[in-house]
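Under the UniProt record's numbering, the residues of the sequence shown are numbered 1 to 320, in order.
Each residue gets a CB set at the ideal place from its N, CA and C atoms; glycine is no exception.
Keep in mind the model is a prediction, meaning the values are calculated, not measured.
Okay, so here's the structure we're looking at.
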Amino acid sequence: MAGYSYPTSASTAAGAAQPMYSLPVLPRSDIMAIMADYQIMNLSDSDLINPTPNFVFNLYSSLLIHLDSLQDDPSQVDFTALERFENPDMHVDSVRVMNLYSKIKDFLATIECPIGFTLDDLIRPECNRTLKFLCAILNFFLHKDTKLSMLRPYGEELDALDEQRKEMEARITQLKEEIAGLNETRERERPLVLEAEAKVKELRQTIDNLNSLQSNLRKERQSMKDKAQEMNANVSKAEFELIQATEENAILRSKIVQSPDKLQRALEEKKALQMEAKDSERLAMQSFQEKTAILEVYTKAWEKMTKQLAQMHTIQEQVC
């Protein structure tokens, strides 16, 4: 505050025996500046030099009102107290003065002012005593204002923390509502989940059956492949034997001409055997190809079922 300095608290070793606040008499200019800056009351230098009863009454009333120590308007009178007098109209001012006197005296005692406040300080005020009482009250007021200013950031921080707490509580309430909604949705969709689990179980059984069938088809395919190789070997051997027989037949025909019909029948029998071997080979290859096609169909079906099972697993995880 420009123009004056805050009074300081007294600090002595025997603190309990000393007043709580020191009592420096401030310059009148500082007093007027403080009263004006805090909008307590507008003072003039003449008011402080020559205080009047009316002036000090208004001064102390304004100070107590500003310090929240005077709850009632000092201009109002306690009519219950006036009823005790025979002529209450004659005692209105006296009751107001006594009421203010009691309050200002109690207040000065509370702040441990070292100077006793008397009724004369209201009805016959003196300049020096009025200045000392005024400085004592202002000293307490400035001390209180300084402490409140120091505590104000903590109050603002507490207000901010309280606001955060309210926001967190609102967020927690919102999350609880969302959790309740999710639980309700989960209970509502439980039959679908159970149905999906049943389908997954069924698909797994189908896949196991297809795997078993695929394994059997592979074994059968290998067996047919082995048979086909064996038949190919037999056909090759038969062709070799046929060629060899043909050569032998040619040799024999060159040597034996007396029974051409018998030789012709032998050749036809050899050809019939060769045709039968080729037919067997063709049938075997056809059967092998059919089994291979069946195996490919089951393989594709197994892959499709596996893909569907994976998709159902994903859906089940999302639902749960």
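Quick one: is residue i buried, meaning 16 or more other Cβ sit within 10 Å of its Cβ, or exposed?
i	result
residue 125	buried
residue 251	exposed
residue 162	exposed
residue 57	buried
residue 120	exposed
residue 280	exposed
residue 231	buried
residue 13	With a pLDDT of 34 at residue 13, under the threshold of 50, the modelled position of this residue cannot be trusted; read the value that follows with caution. Exposed: under 16 other Cβ atoms inside 10 Å.
residue 61	buried
residue 122	buried
residue 137	buried
residue 243	exposed
residue 127	exposed
residue 49	exposed
residue 51	buried
To the nearest angstrom, how far is it from the Cα of residue i to the Cα of residue j?
i	j	result
residue 102	residue 144	22 angstroms
residue 314	residue 307	11 angstroms
residue 139	residue 157	28 angstroms
residue 224	residue 236	18 angstroms
residue 271	residue 264	11 angstroms
residue 31	residue 44	10 angstroms
residue 166	residue 153	20 angstroms
residue 198	residue 180	27 angstroms
residue 75	residue 96	Below a pLDDT of 50, predicted positions are generally treated as unreliable, and residue 75, at 47, falls in that range; the measurement from the model is reported next regardless. Computed Cα separation, rounded: 7 angstroms.
residue 294	residue 304	15 angstroms
residue 292	residue 268	36 angstroms
residue 20	residue 111	For residue 20, the predicted model reports a pLDDT of 46, less than 50, meaning its position is unreliable; a value from the coordinates is still stated below. So the alpha carbons of these two residues sit roughly 7 angstroms apart.
residue 39	residue 94	28 angstroms
residue 53	residue 164	53 angstroms
For residue i, which residues of its own chain have a beta-carbon under 7 angstroms away from its beta-carbon, when the five flanking residues on both sides are left out?
i	result
residue 47	55
residue 301	210
residue 262	none
residue 220	291
From what residue to what residue does the alpha helix (DSSP H) around residue i run?
i	result
residue 149	127-188
residue 57	53-66
residue 35	28-37
residue 44	Looking at the DSSP string, residue 44 is not in any alpha helix (DSSP H), and its letter there is neither H nor E.
residue 115	Looking at the DSSP string, residue 115 is not in any alpha helix (DSSP H), and its letter there is neither H nor E.
Can you find the residues in the same chain that come closer than 6 angstroms, C-beta to C-beta, to residue i, ignoring five residues on each side of it along the sequence?
i	result
residue 108	117
residue 87	Interpretation of residue 87 is limited by its pLDDT of 46, a score under 50 that renders its predicted location unreliable; the figure taken from the coordinates is listed afterwards. Excluding positions up to five away in sequence, the list is empty.
residue 131	25
residue 113	136
residue 79	In this prediction, residue 79 has a pLDDT of 48, which is less than 50 and means its spatial position is unreliable; what the coordinates show is noted afterwards. Excluding sequence neighbours, residue 79 sits near nothing in its chain.
residue 193	319
Spatial neighbours of residue i within its chain, please: CB distance less than 8 angstroms, with the 5 preceding and 5 following residues excluded, ordered by chain position.
i	result
residue 238	273, 274 and 277
residue 284	224, 227, 228 and 231
Would you say residue i reaches chain D, if we count a Cβ-Cβ gap shorter than 7 angstroms as a contact?
i	result
residue 239	Judged by its chain identifiers, the structure shown contains no chain D, having just a single protein chain.
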